[in-house]
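K.L.:
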Amino acid sequence: MKKKIAFYTFGCRLNQSETAVIRQGFDMREYEVVDYRNDPDVVVVNTCTVTENGDADTRRLVNRVRRINPQVEVALVGCQAQVQKSQLLELPNVKWVVGNGRKFEMAEIMAEDGPDKQLITPTIRKNSFTVPFVGFEQNLTRANLKVQDGCDFFCSFCEIPYARGRARSREFDDILSEARQLSDAGHRELILTGINIGTYDYEGKSLVEVIEALEEIKALERIRISSIEPTTIAEKIIAKMAGDSKLCRYLHVPLQAGSDEVLQAMKRKYSVQEFVDFLLMARDTVPGICLGTDVIVGFPGETDELFEETYNLLLDLPFAYFHVFSYSDRDHAKSSRFENKIPQPVVAERSRRLRELSQRKRRMYFQQFLGETAAVLFEQQKRGYWSGVTETYIRVKVESEQNLKNQIIPVRLDTIDGQAVIGALA
Ligand code: SF4
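Each residue of the sequence shown is one higher than the last, beginning at 671 in the numbering used here.
#1: Regarding residue 825 and the ligand SF4, is the C-beta to nearest heavy atom distance less than 7 Å?
#2: Nearest to residue 1025 by alpha carbon, out of 882, 919, 962 and 764?
#3: Does DSSP put residue 1058 in a helix, in a strand, or in coil?
#4: Expressed to the nearest angstrom, what Euclidean distance is found between the alpha-carbon atoms of residue 850 and residue 885?
#5: On the DSSP bridge assignment, give the partners of residue 1048 in chain order.
#6: Can you list, in chain order, the residues of its chain whose CB lies under 6 Å from that of residue 743, leaving out five sequence neighbours each side?
#7: In terms of residues, what are the limits of the alpha helix (DSSP H) holding residue 800?
#8: Quick check for students: name the residue ranges of the alpha helix (DSSP H) that lie wholly in the segment 912-994, counting only runs of 4 or more.
#9: Give me the DSSP bridge partner(s) of residue 743.
#10: Mind checking residue 854: buried by the 16 CB within 10 Å criterion, or exposed?
#11: I think residue 732 touches residue 761, with their Cβ atoms under 8 Å apart; what is that distance to the nearest whole Å?
#12: Confirm the yes/no value for this check: CB of residue 866, any heavy atom of the ligand SF4, distance under 7 Å.
#13: Fully enclosed by the segment 842-887, which alpha helix (DSSP H) runs are 4 residues long or longer?
#14: I'd like the ranges of any beta strand (DSSP E) spanning at least 3 consecutive residues and lying wholly in the segment 756-800.
#15: Nearest CA to the CA of residue 1051: which residue from 1061, 1075 and 1029?
#16: So which of 1015, 736, 1021 and 720 has the shortest CA-CA distance to residue 865?
#17: Cα-Cα, which of 1036, 912 and 791 is closest to residue 1131?
#18: Inspect the beta-carbon positions of residue 969 and residue 936 and report whether they are closer than 8 Å.
#19: Counting Cβ pairs, one atom from each stretch, are 3 or more of them under 8 Å apart for the segment 996-1004 and the segment 817-834?
#20: Beta carbon of residue 830: closer than 7 Å to some heavy atom of the ligand SF4?
#21: Return yes when at least one heavy atom of the ligand SF4 lies under 7 Å from the C-beta of residue 899, else no.
#22: For residue 1094, does the count of other Cβ atoms within 10 angstroms reach 16, so buried, or fall short, so exposed?
#23: Within the present structure, is the beta-carbon of residue 821 separated from the nearest heavy atom of the ligand SF4 by less than 7 Å?
#24: In the DSSP assignment, what are the bridge partners of residue 819?
#25: Nearest to residue 725 by CA position, among 698, 795, 701 and 753, is which residue?
#26: Where does the unbroken alpha helix (DSSP H) through residue 1031 begin, and where does it stop?
#27: Below 7 Å CB to CB, which residues in the same chain sit around residue 952 once its five sequence neighbours on both sides are set aside?
#28: What's the C-alpha gap between residue 984 and residue 784?
#29: Looking at the structure shown, is residue 725 part of a helix, part of a strand, or coil, going by DSSP?
#30: Would you check if the distance between the CB atom of residue 1083 and the CB atom of residue 1044 is smaller than 8 Å?
#31: To the nearest angstrom, how far is it from the Cα of residue 948 to the Cα of residue 1060?
#32: What separation, rounded to the nearest whole angstrom, lies between the Cα atoms of residue 772 and residue 791?
#33: Is DSSP giving residue 1006 helix, strand or coil here?
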């Protein structure tokens, strides 16, 4: 009988794409993939260590799968595995802890007749890399395409350079080969992912060259950049978005804080003014561009006044939304040793205010498109509505009897419904 295996992903888009690759490594003649709630024999958890919550989430998941099957064998792989190492191996039912350097070999590691508990977290080398399998997504519309890994920036709050190693780029031809296979399999939009993708550099080729080569793939219709550091965005990228390109008019640029004092303490590479200048230039150059950001609240030393600076900046800037993260100490991050930590209730209240502001900003962003027609890539049907996204990342829902899956169709945008827009086929 086939063994039942479940995969579970915490954290970012890159982790999602990597879980899809890990899954491809398993021989499906031997395994049946099930949901983690469906009594699996083995669970592979791709972990995240960005916040304390990520750590607690892993422990909770291990306990949950144990309650379902007390004999379950758990593999914890990825970022948290890389930095917390043996601590994780002590969790009940955890048999393998495998860091980022070898997680793609998970299937082979499991197949070996190794010791009862295995800790495999070698140092990650700085070399360029290839990805062993194509990470097809089950949902046949948009797929993640990994182009880069690691980071050399060492922001003071961030553990990623330790968890994922130094910045390195995926071999150019390897990216193109996966992109062709993904688009041949029906994916119409590819989302370029990595940790610091603007620093892509493979034998002199930059992210711009990657995008230009991807544009040559006929069946591919949209290319989207996921998150990108503000200081790494080439002018040519903005020019492409403004012109006739497959590159979506969408930029997610992490701001993290809206005061120079906090930005400096965070070791970010820009001042508030530089960020503002860039953002306004992008808005003025690319009509209708969707601009999103990340912000951390409660960084050590963030006084009420400094927080208000961030709040007011976010209020003024042309963002369509922001992701709000509550600061938490990470063992390897410099800021864990900073003084003036902010009490939890204050952090919670600041987060609440920013999340509420983000929702308002999203509605304001939607407002400008009502009555217009936009092309929507439809993904799935849920509760009577077909749902998809525009090039500018507006979630659109329409009622239709037709099967719209994986089609790009013009839709008239009619009304705002929470964090989405209801439309009608044009
Ligand atoms: S740019 Fe800063 S926040 Fe982003 S991964 Fe690198 S160190 Fe972390």
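Think of the CB as a built atom: it goes at the ideal place given N, C-alpha and C, for glycine as much as any other residue.
P.N.:
According to the structure shown:
#1: yes
#2: 962
#3: strand
#4: 11 Å
#5: 1058
#6: 712 and 765
#7: Counting along the chain, residue 800 falls outside any alpha helix (DSSP H), and DSSP gives it neither H nor E.
#8: 930-935, 942-955 and 974-986
#9: 712
#10: exposed
#11: 5 Å
#12: yes
#13: 842-854 and 877-885
#14: 764-768 and 788-790
#15: 1075
#16: 720
#17: Given that the chain is displayed from residue 671 to residue 1096, the structure contains no residue 1131 and the question cannot be resolved.
#18: yes
#19: yes
#20: yes
#21: yes
#22: exposed
#23: yes
#24: 838
#25: 753
#26: 1014-1037
#27: 908, 921, 959 and 961
#28: 52 Å
#29: helix
#30: yes
#31: 24 Å
#32: 7 Å
#33: helix
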